[in-house]
Structure formats: C-alpha cells, structure tokens
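Novice:
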Amino acid sequence: MPLSPHEALIYLMVITSASDRDMTDVELARIGDVVRTWPVFEDFNDDRVVGIAQDCQKMLHEKDGLEGVLARVAEALPERLHDTAYAVAFEVAAIDLEMRMEEVRVLQLIRRQLDLDTLTVAAIGRAAKARLRTLT
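Just so we're aligned, residue 308 is where the sequence shown starts under our numbering, counting upward by one.
What follows is the structure, given as structure tokens:
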C-alpha cells in the first residue's frame, strides 16, 4: 500500500532520528513539534505519529531496508514537497546541534533520492541552524 505524503514526511524524520540507533527524547519531541506546527501537517491527525513511526521501523528491518523506505517515500511525495521533506529530516538531525556521521549519511541519501540541488540543501541547512541556535 502506498504511503501518504504525511506518512512519507514522518518516515523521513524517523529514519533520520534512528540513523545512529539512538532516537533521543529531544529528537522525538522535535518530530512531534514539527507535526503539530508545520503547515504541511495542518490537516493531519497527530495521534497517528507513533503508529506511523512503528510501521517505518518495521519496514527498515525488511529485505530492502533503508533503500526500500526511501524509494517508497520518493514515490509518495509530489516534487513540490521535496524541499519540505528534506527540511523535516534536517530539522530532526539538527535539533541537538550535533550532526553525527550516520545522520549526515542519511541526509545525503535523502538528498539523492529526492534529487535536490546543492543550493537548496545549503539554504535548508543554514535556516535550520539559525532557527535552532541559542544565546548560550
């Protein structure tokens, strides 16, 4: 069964968070914040997030693994949402202000799968870092 665009966006946040095998409370909270506050999710029932995240984790353990998840995500997302999709994934990776190698690798795979150009990727990354920066 194909993913909905909302499910695809949540899958990207989950695979980014789980990339280092440690889904932190901060990352999980950020996924919830994104789902509750970003306009792309305004008509989405956020009670479904946990079930969708669990479905994604199951799919990661299937034969096609991460590549299969990324292919399904790309299939579910209209091209106009590709930059938004990368932005939700980057948001989760950047929330703890420490980008681990596994997260960088997953973001590279997402970029490639969604065919995003370097300038778009750089702008999304810079905006997220500026938004998440604190005074201390």
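All C-beta atoms, glycine included, are put in the ideal place defined by N, C-alpha and C. Here the structure is a predicted model, which means the values were calculated and not measured.
Give every residue of the same chain whose Cβ lies closer than 7 angstroms to the Cβ of Glu410, excluding the five residues on either side of it in the sequence, and list them in chain order.
Specialist: Answer for Glu410: Thr323, Ser326, Asp327, Ala400, listed in chain order.
Novice: Measuring only the C-alpha atoms, how far is Val428 from Ala435?
Specialist: Roughly 11 angstroms between the two C-alpha positions.
Novice: So, does the stretch 334 to 353 touch the stretch 388 to 399, judging by three or more C-beta pairs under 8 angstroms?
Specialist: Touching, yes.
Novice: Quick one: is Arg440 buried, meaning 16 or more other Cβ sit within 10 Å of its Cβ, or exposed?
Specialist: Result: exposed.
Novice: Looking at the structure shown, is Thr331 part of a helix, part of a strand, or coil, going by DSSP?
Specialist: Looking at Thr331 - three-state DSSP - the assignment turns out to be coil, as it is neither helix nor strand.
Novice: Between which two residues does the alpha helix (DSSP H) harbouring Asp353 extend?
Specialist: First-last for Asp353: undefined, no H or E at that position.
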